[in-house]
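A.B. asks:
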Amino acid sequence: MDLIAKRPNGTMDVTPNEAYKWHTVENVVKETAEQFGFKEIRIPTFEETGLFVRSVGDTTDVVQKEMYTVSSTGDKTYTLRPEGTAGTVRAVLENGILNEGLPQKLFYILSAFRHEKAQKGRLREFHQFGCEMFGSASPLADAEAIALANSVISRLGLKNVELNINSIGCPECRAKYREALKAYFKPHFNELCDTCKERFEKNPMRLLDCKSKEDQEIAKNAPVITDYLCEDCAAHFEDVKKYLSIMGVSYKLNPKIVRGLDYYTRTVFEFLTTDIGSQAAVCAGGRYDGLVEELGGKPTPALGFAMGLERIILTMESQGLDFAEEKTCDLYIAPMGVAASEKAMELASVMRDEGFFVEYDLVGRGLKAQMKYADKIKAKFVIVLGDNELADNKAKLKNMATGEQTDISLGDSLLDDFGAVYYALLMDSDDQFRSFVEAFADDGSSDGQ
Ligand code: ATP
Ligand code: MG
Numbered sequence: 326m327d328l329i330a331k332r333p334n335g336t337m338d339v340t341p342n343e344a345y346k347w348h349t350v351e352n353v354v355k356e357t358a359e360q361f362g363f364k365e366i367r368i369p370t371f372e373e374t375g376l377f378v379r380s381v382g383d384t385t386d387v388v389q390k391e392m393y394t395v396s397s398t399g400d401k402t403y404t405l406r407p408e409g410t411a412g413t414v415r416a417v418l419e420n421g422i423l424n425e426g427l428p429q430k431l432f433y434i435l436s437a438f439r440h441e442k443a444q445k446g447r448l449r450e451f452h453q454f455g456c457e458m459f460g461s462a463s464p465l466a467d468a469e470a471i472a473l474a475n476s477v478i479s480r481l482g483l484k485n486v487e488l489n490i491n492s493i494g495c496p497e498c499r500a501k502y503r504e505a506l507k508a509y510f511k512p513h514f515n516e517l518c519d520t521c522k523e524r525f526e527k528n529p530m531r532l533l534d535c536k537s538k539e540d541q542e543i544a545k546n547a548p549v550i551t552d553y554l555c556e557d558c559a560a561h562f563e564d565v566k567k568y569l570s571i572m573g574v575s576y577k578l579n580p581k582i583v584r585g586l587d588y589y590t591r592t593v594f595e596f597l598t599t600d601i602g603s604q605a606a607v608c609a610g611g612r613y614d615g616l617v618e619e620l621g622g623k624p625t626p627a628l629g630f631a632m633g634l635e636r637i638i639l640t641m642e643s644q645g646l647d648f649a650e651e652k653t654c655d656l657y658i659a660p661m662g663v664a665a666s667e668k669a670m671e672l673a674s675v676m677r678d679e680g681f682f683v684e685y686d687l688v689g690r691g692l693k694a695q696m697k698y699a700d701k702i703k704a705k706f707v708i709v710l711g712d713n714e715l716a717d718n719k720a721k722l723k724n725m726a727t728g729e730q731t732d733i734s735l736g737d738s739l740l741d742d743f744g745a746v747y748y749a750l751l752m753d754s755d756d757q758f759r760s761f762v763e764a765f766a767d768d769g770s771s772d773g774q
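Our numbering puts the first residue of the sequence shown at 326, with every later residue one more than the last.
#1: Starting from arginine 415 and walking both ways along the alpha helix (DSSP H), at which residues does that stretch end?
#2: To test your reading of the DSSP string, which unbroken beta strand (DSSP E) runs of 3 or more residues are found completely within the region 612–664?
#3: Could you tell me the alpha carbon to alpha carbon distance between methionine 725 and isoleucine 658, rounded to whole angstroms?
#4: Are the beta-carbon atoms of proline 626 and serine 461 separated by less than 9 angstroms?
#5: Quick one: what's lysine 721 bridged to in DSSP?
#6: Could you name the residues of the same chain whose beta carbon sits closer than 8 angstroms to that of arginine 332, not counting the 5 residues immediately before and after it, in chain order?
#7: Ordered along the chain, which non-local residues of its own chain (more than five positions away) have a Cβ less than 7 angstroms from that of isoleucine 366?
#8: With a threshold of 16 other CB atoms inside 10 Å of the CB of isoleucine 329, please say whether the residue is buried or exposed.
#9: Does the distance from the CB of alanine 699 to the CB of glutamine 453 come in under 9 angstroms?
#10: Enumerate in chain order the residues of its own chain whose CB-to-CB distance from serine 771 is below 7 angstroms, with the five nearest sequence positions on each side excluded.
#11: For glutamine 453, report the span of its alpha helix (DSSP H) as first-last.
#12: With contact counted as at least three CB pairs below 8 angstroms, one residue from each stretch, are the region 532–548 and the region 462–482 in contact?
#13: Less than 9 angstroms between the C-beta atoms of phenylalanine 361 and glutamate 487, yes or no?
#14: My guess is that isoleucine 478 and phenylalanine 594 are in contact by the Cβ rule of under 8 angstroms, so how many angstroms apart are they, rounded?
#15: By Cβ distance below 8 angstroms, which residues in the same chain neighbour glycine 494 in space, the five residues on each side in sequence not counted?
#16: Compute the beta-carbon to beta-carbon distance between glycine 382 and glycine 602, rounded to the nearest angstrom, for a pair I have assumed lies under 8 angstroms.
#17: Give the straight-line distance between the Cα atoms of threonine 370 and arginine 406, rounded to the nearest whole angstrom.
#18: DSSP three-state label for asparagine 352, please.
#19: Determine the burial state of histidine 561: buried for a count of at least 16 other Cβ atoms within 10 Å of its Cβ, exposed for fewer.
#20: Since leucine 431 sits in a beta bridge, which residues does DSSP pair it with?
#21: Is aspartate 327 buried or exposed, if buried means 16 or more other CB atoms sit within 10 Å of its CB?
#22: Please determine whether the Cβ atom of aspartate 386 lies at a distance below 8 angstroms from any heavy atom of the ligand MG.
#23: Just to confirm the assignment, what range does the alpha helix (DSSP H) spanning tyrosine 685 have?
#24: Between valine 675 and serine 666, what straight-line distance do the alpha-carbon atoms span, to the nearest angstrom?
#25: Would you identify the three-state DSSP class for serine 575, choosing helix, strand or coil?
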């Protein structure tokens, strides 16, 4: 094949054979979020560049290296969203959602774009399920968000996922911590990577998040933020831990987690797994009490998390977990001849309006090929409709699981046809199936008159 274009590096096609995996995950995340009282928000794929620079932070990898920015007419530039929080906060403010009573609990499923070195579990276009909560400074809210993420992970059946939590304090405790970090890194300054050299003055906490092995080695014995928390932040973190225990959510304290985005305060967390290569976060989040104000709103405590759906699916695959089965065809109608084909069309419309999954031949194949197709699409029942049978108001109904065939009377009205099939479809055993079809054949003909 001589294709004129190829899939861009770091992107994925979800083929029809794989889509059910996404449906499984999307259904679970959506149902769970709704059970916790979160409502869906949908936001644009691109935003003004300044939104991300301001919220994610200009010393972060995301802003420094990973954004897809396009210029528009004039001097405005737009950026494909690298994450969902900034756009959500922007939308919440622009739509006055915080005036509709607090807390506001929102979720989204969206694509995000980051110009990264593409590899397993790290894409340039990826998908996130995210939740954001506005209006509660209480540790109850932190515990609730973590419990929600934890429920999704356990409902999907994921194993070997470890919740790591930390508190990175408020701007006050962080000021002291930054000084301690700078004192620690100063003697190693010349050994740091160029990006970290730049971050040293502006945002020394970023040094802990560097992906370079050498820098990670240097950071090994760095002071930990939890030793620098002010009284309020320490008490807040204690309560988060207590509430998680009450809810039966197990966690590990990990003072090294600082998160890759600048807007976080106090609680931060990551759900980590080693089942998809080197340690990877399938979900990450935290509190961001300053962000709403930073983006022009009234000071409003907030927090959230985002789950990487590709990483979730990869983990499920590597652990051999089950995905929910896709719906399969209830009834395949195999017409033989022109009149039968028109009847099939009529039957299919009625059946579909009644909620059944119905297909019939669209290609003009012979009976053998049609039966093969019905088998391939895993149809539960097949009605064989020949012009001759049709003239006698009859058809053959085949139960594909058992191979049993029954003659059914189509009766005068379409409802009769439908009724016979309807009851047949409800049957799970052959005997039941037979007696219903027989009973229907008696009733059906009189009903239809
Ligand atoms: P990482 O440390 O793996 O780069 P991050 O800190 O940049 O992650 P966040 O910005 O917190 O990630 O995004 C939340 C979640 O989105 C991550 O935990 C991960 O599951 C997923 N994610 C982030 N970047 C990618 C990517 N390039 N490809 C696939 N999933 C991603
Ligand atoms: Mg990253």
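Glycine included, C-beta positions come from ideal geometry on N, C-alpha and C.
This one's a predicted model, so the numbers in the text were calculated from it and none came from an experiment.
C.D. replies: On the basis of the supplied data:
#1: Annotation for arginine 415: the continuous alpha helix (DSSP H) segment containing it runs 410–419.
#2: If one requires a minimum length of 3 residues, the beta strand (DSSP E) runs lying completely within the region 612–664 are 627–633, 656–661, in chain order.
#3: Taking C-alpha positions only, methionine 725 is separated from isoleucine 658 by approximately 12 angstroms.
#4: Yes, Cβ-Cβ distance for proline 626 and serine 461 is below 9 angstroms.
#5: BP columns for lysine 721 point to Val709, Asp732.
#6: Non-local C-beta neighbours of arginine 332 in its own chain, meaning closer than 8 angstroms and more than five positions away in sequence, comprise Asp338, ordered along the chain.
#7: Excluding sequence neighbours, isoleucine 366 sits near Thr413, Ala416, Leu431, Tyr433.
#8: Classification for isoleucine 329: exposed.
#9: No, the pair does not count as a contact, with Cβ atoms beyond the cut-off.
#10: Residue confidence is low: serine 771 scores 40 on pLDDT, short of 50, so the model does not pin down where it sits. Its coordinate-derived value is still stated next. Taken in chain order, the list of residues that qualify is empty.
#11: Careful: glutamine 453 lies outside any alpha helix (DSSP H), inside the beta strand (DSSP E) at 450–459.
#12: Contact between the region 532–548 and the region 462–482 is absent, because fewer than three Cβ pairs lie under 8 angstroms.
#13: Not a contact, by the Cβ cut-off of 9 angstroms.
#14: The distance from the Cβ of isoleucine 478 to that of phenylalanine 594 is about 12 angstroms, inconsistent with a contact at the 8 angstroms cut-off.
#15: Here glycine 494 has Tyr502, Ile550, Tyr553, Leu554, Cys555, Cys558, Thr590, Arg591 as same chain residues with Cβ atoms under 8 angstroms from its own Cβ, once five neighbours each way along the sequence are excluded.
#16: At roughly 27 angstroms, the Cβ-Cβ gap does not stay under 8 angstroms, so glycine 382 and glycine 602 are not in contact.
#17: So the alpha carbons of these two residues sit roughly 6 angstroms apart.
#18: In this structure, asparagine 352 counts as helix in the three-state DSSP scheme.
#19: Its Cβ being crowded by 16 or more others within 10 Å, histidine 561 is buried.
#20: Lys364, Glu457, per the DSSP bridge assignment.
#21: So aspartate 327 counts as exposed.
#22: At least one heavy atom of the ligand MG is nearer than 8 angstroms to the Cβ of aspartate 386, so yes.
#23: Where tyrosine 685 is concerned, there is no enclosing alpha helix (DSSP H), although the beta strand (DSSP E) it sits in stretches over 683–685.
#24: Between the alpha carbons of valine 675 and serine 666 lies a gap of roughly 15 angstroms.
#25: Serine 575 falls in the coil class under three-state DSSP.
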